[in-house]
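Residue 103 in numbering that gives the first Met the number 0 sits at position 104 of the sequence shown, with consecutive numbering throughout.
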Amino acid sequence: MWIDDYVKLHFPVNPEDMCIEEAQIFKYKHLPASLYRYREFNKYNIENLFKEQEWQSYPSEFNDPFDSRIKIGYEKVKNDYFFTNTFEEFINMIKEQGFSFTKEDINGYTFIR
Numbered sequence: 000m001w002i003d004d005y006v007k008l009h010f011p012v013n014p015e016d017m018c019i020e021e022a023q024i025f026k027y028k029h030l031p032a033s034l035y036r037y038r039e040f041n042k043y044n045i046e047n048l049f050k051e052q053e054w055q056s057y058p059s060e061f062n063d064p065f066d067s068r069i070k071i072g073y074e075k076v077k078n079d080y081f082f083t084n085t086f087e088e089f090i091n092m093i094k095e096q097g098f099s100f101t102k103e104d105i106n107g108y109t110f111i112r
């Protein structure tokens, strides 16, 4: 199954063998062109359909902590952001977008090099 191959590329036993870009390209080749979400047939959902609106949960309300895990490109952040701002300001900027962090969360984020 293609998912097994994707996992091997994205999450190898040896971190030096990680091929993130290749894994992403591989994944998008196998994803469907459209995803569907079935809704109850009621006035509220029909109104949203006509208004072309979709309501989503905040990442802090997801039931899977990895649904909204942030991967940060270290060099891009360092070059574009850290020359003018501190890490604390960076975290505050993300919090302003509706994300919430504990100290353990912040220490657990990995920077891709």
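Glycine included, every Cβ here is placed at the ideal spot set by N, Cα and C.
Open item on the list: Can you give me the C-alpha to C-alpha distance between residue 45 and residue 13, rounded to a whole angstrom?
Closed with: 50 Å
Open item on the list: Just verifying my parser: in three-state terms, what is the DSSP assignment at residue 58?
Closed with: helix
- [ ] For residue 49, name the three-state secondary structure that DSSP assigns.
- [x] helix
Open item on the list: Taking contact to mean 3 or more Cβ pairs, one atom from each stretch, closer than 8 Å, check whether the region 51–59 and the region 90–98 are in contact.
Closed with: yes
Open item on the list: According to DSSP, simplified to helix, strand and coil, what is residue 23?
Closed with: If DSSP states are grouped into helix, strand and coil, residue 23 belongs with the helices.
Open item on the list: Which of the three DSSP states is assigned to residue 44 in this structure?
Closed with: helix
Open item on the list: With distance defined between alpha-carbon atoms, name the residue in 41, 8, 33, 92 nearest to residue 19.
Closed with: 8
TODO: Please work out which residues of its chain come closer than 8 Å, Cβ to Cβ, to residue 31, disregarding the five sequence neighbours upstream and downstream, and give them in chain order.
DONE: Nothing listed; no residue qualifies.
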